[in-house]
Amino acid sequence: MLSVDEALSQMLAKAKPVADIEEIPTLEATGRVLARAQRSTMDVPPLDNSAMDGYAVRIADGTKLRVAQKIMAGAVGKPLEPGTAARIFTGAPIPPGADAVVMQEHTTAEGDSVVINKRPEKDQWIRRTAS
Numbered sequence: 194m195l196s197v198d199e200a201l202s203q204m205l206a207k208a209k210p211v212a213d214i215e216e217i218p219t220l221e222a223t224g225r226v227l228a229r230a231q232r233s234t235m236d237v238p239p240l241d242n243s244a245m246d247g248y249a250v251r252i253a254d255g256t257k258l259r260v261a262q263k264i265m266a267g268a269v270g271k272p273l274e275p276g277t278a279a280r281i282f283t284g285a286p287i288p289p290g291a292d293a294v295v296m297q298e299h300t301t302a303e304g305d306s307v308v309i310n311k312r313p314e315k316d317q318w319i320r321r322t323a324s
């Protein structure tokens with residue numbers, strides 16, 4: 194059996210440095226490796242949005258909240274009022290005041306309210322701007 198040092202030595206002996214750098218169209222780049230780091234020229238995502246269907250909440254507000262609004266992807270919600278939740282769908286903007294999204298699977302609907310069965314962590318299921 195090879196030792197770690199021997200295995201590393203053998204691998205390094207066979208490794209070859211990159212000699213040439215090519216510029217090719219992005220659609221032809223499958224299976225290629227970048228020669229240098231790239232940075233986006235814009236924020237992706239461009240705004241805080243939900244990574245999950247569920248409810249946008251303020252964690253400190255508790256586990257039973259009145260559902261005050263519904264935010265679809267492409268729509269803009271109103272600021273989250275204390276003691277309320279917003280029904281939210283994947284890709285929809287996070288309303289101001291919300292600090293987490295609770296997956297719909299971790300909730301129970303009760304009339305015009307939602308009961309949170311599993312308390313979320315801060316920023317859970319939120320894709321932050323430029324993350």
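Those letters in the sequence shown? Residues 194 to 324, per the working numbering, in order.
Glycine included, every Cβ here is placed at the ideal spot set by N, Cα and C.
Item                                                                                                                    : Value
Residue interval of the alpha helix (DSSP H) (run including Ala206)                                                     : 197-207
CB contact flag (Ile264, Ile281, <8 Å)                                                                                  : yes
CA nearest to the CA of Leu305, picked from Gln231, His299, Ala200, Val260                                              : The question names Leu, but residue 305 is Asp in the sequence shown. Measuring from the Cα of Asp305, the nearest candidate turns out to be Val260.
Leu258, enclosing beta strand (DSSP E) - first and last residue                                                         : 257-264
Which listed residue (Lys257, Asp316, Ile217) has its alpha carbon closest to that of Ile309                            : Lys257
For Val294 and Ala249, believed in contact at Cβ under 8 Å, the rounded distance                                        : 5 Å
Neighbourhood of Ala323 by C-beta distance below 7 Å, restricted to the same chain and skipping five residues each side : Asp236, Val237
Cβ pair count under 8 Å reaching 3, the segment 283-293 against the segment 267-274                                     : yes
Residues bridged to Ala278 [DSSP beta-bridge criterion]                                                                 : Val260
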